[in-house]
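Participant:
In this note's numbering, the protein residues as written are 21 to 529.
(1) Report the rounded CA-to-CA distance for residue 291 versus residue 383, giving the unit in angstroms.
(2) Pull up the distance between the alpha-carbon of residue 296 and that of residue 423, whole angstroms please.
(3) How big is the Cα-Cα spacing for residue 366 and residue 140?
(4) Apart from the five residues on each side of it in sequence, which residues of its chain come closer than 6 Å, Cβ to Cβ, to residue 483?
(5) Below 8 Å, how does it come out for the region 160-175 and the region 417-437: are there three or more Cβ pairs, yes or no?
(6) If you pair each beta-carbon of the region 239-249 with each one of the region 461-476, do three or more pairs fall below 8 Å?
(7) How is the alpha helix (DSSP H) around residue 237 delimited, first residue to last?
(8) Compute the beta-carbon to beta-carbon distance between residue 125 and residue 441, rounded to the nearest angstrom, for a pair I have assumed lies under 8 Å.
(9) Please tell me whether residue 455 and residue 180 are closer than 8 Å, where the distance is taken between their beta carbons.
(10) I'd like to check one pair, residue 186 with residue 300: are the Cβ atoms closer than 8 Å?
(11) Please report how far the alpha carbon of residue 143 lies from the alpha carbon of residue 337, in whole angstroms.
(12) Measuring straight from C-alpha to C-alpha, what distance separates residue 79 and residue 99?
(13) To the nearest angstrom, how far is the alpha carbon of residue 327 from that of residue 77?
(14) Whose CA, out of 222, 133, 115, 211, lies closest to the CA of residue 43?
(15) Looking at the strands, I want to know which residues DSSP matches up with residue 366.
(16) Comparing the CB of residue 69 with every heavy atom of the ligand MG, is any distance shorter than 7 Å?
(17) Since residue 388 and residue 305 are thought to touch, with beta carbons under 8 Å apart, how far apart are those beta carbons, to the nearest angstrom?
(18) On the criterion of 16 or more Cβ atoms from any shown chain inside 10 Å, does residue 349 qualify as buried, or is it exposed?
(19) Where does residue 251 land, buried or exposed, given buried means 16+ other C-beta within 10 angstroms?
(20) Would you tell me roughly how many angstroms separate the C-alpha atoms of residue 447 and residue 260, rounded to the nearest one?
(21) Could you check whether the region 384-404 touches the region 128-138, counting it as contact only if at least three pairs of C-beta atoms, one from each stretch, sit closer than 8 Å?
(22) Considering only the alpha carbon of each residue, which of 345, 412, 287, 468 lies closest to residue 236?
(23) With DSSP collapsed to three states, give me the class of residue 315.
(24) Grab the span of the alpha helix (DSSP H) containing residue 523 for me, first residue to last.
(25) Do the region 373-382 and the region 200-215 meet, that is, are 3 or more Cβ pairs less than 8 Å apart?
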């Protein structure tokens, strides 16, 4: 490993200064002129989605195909490390780590909210909402959004970072993964710095989106359980408390803070899922999972490449394109985590593990919680879908209202979301700090604190300026340049793999 990835690196290099300044300017702009900030963001959002929505769809579909090709080709035997190196973690420990990666605040937020949103407003105009067919379509599309496609983005980034870190003995910077195709010269360093700056800004926006979603849901839960108002004032207070918590976690170090919280998260999430599975409509959940999985597999290509150029409409933009942009913006963070725990695995093991374990966890969560909500609306006369349409943040909690021990379930869920947010923000602070200190494995505490404060501030500004739409806009805009970088990273990896593993024909020449 290079020296700059082992030491502490520079505290305030150019990547840090520029990226932190950009985020700080956005925070100040949003705080001083929220209406102007919202108007400008909406214009950029409209341009991005209308002009480049197709790019997100094609890119993610291509990532899935590329990963499957690698896994089942001769490149699948290549190790993420030396040829004689073996996995750093035992198989079941590694699976457990991927399992925990499959849970997250986004899944907790959308596990009920997404299927019930599709149930209330159908993805297709010719499907009647609030019907059995509408319920089936809502579950199939929810599975699609949380399945292999989303995780293909994380897997691509994780695979490329792991290949460079563990096989090529380079640092974990995004710019390093493009070094084979960037020619030496006076333009190389500025270009590398620009790439890392774009990666940092995309990651910050992706993290801010997740923080914002979690904060909205915590506020929705507090409103449902304790009657606290659901407004920006309460949300800012939650952000301040959350920021203080993850800064404390950050200061304790990655091993103590993140590992301790991760264990709590996983145990609480499994406990909630098991309770709802047992005390909810168990057989209906199992049947919903099976049917939804079949619909997902059957419609995979159709959903992957669906746009609306003829009939118009914004459904695909609001859902599929937003999800893919969010995943791309979030990918340097999740990819870095997946890479770090996968040292010594073959590419085949890596791809199969990452594309199966976390998506299966996500689909089970949606089937249990979303399926339970659908059952109540279809067969027990409740109006969960209407409640979700009125306030998407209430989705999980109005579902719990129909189950025994609803107060305990809701309180546990609020705590789960809070710990998920602290864990995510803590981990993201570490990753972003590393990205802005020349790939340092031990970034200075000062840098981590600055990024922690800026992450909380940008999430607050986005929520105050335009709520959920502001969060979606941030992901979509910031992910666009990074999508191009991701495609170039894939090209670089393939180029190096061809050198690493020459074809049998070239060997015989």
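Glycine residues also receive a C-beta, built at the ideal position from the N, C-alpha and C atoms.
Facilitator: On the basis of the coordinates in this document:
(1) 17 Å
(2) 8 Å
(3) 44 Å
(4) 232, 255
(5) no
(6) no
(7) 208-246
(8) 6 Å
(9) no
(10) no
(11) 11 Å
(12) 25 Å
(13) 9 Å
(14) 222
(15) 99
(16) Only the bare structure without any ligand can be found here, which leaves the ligand MG out of the picture.
(17) 6 Å
(18) buried
(19) exposed
(20) 18 Å
(21) yes
(22) 412
(23) helix
(24) Neither: residue 523 is in no alpha helix (DSSP H) and is coded neither H nor E.
(25) no
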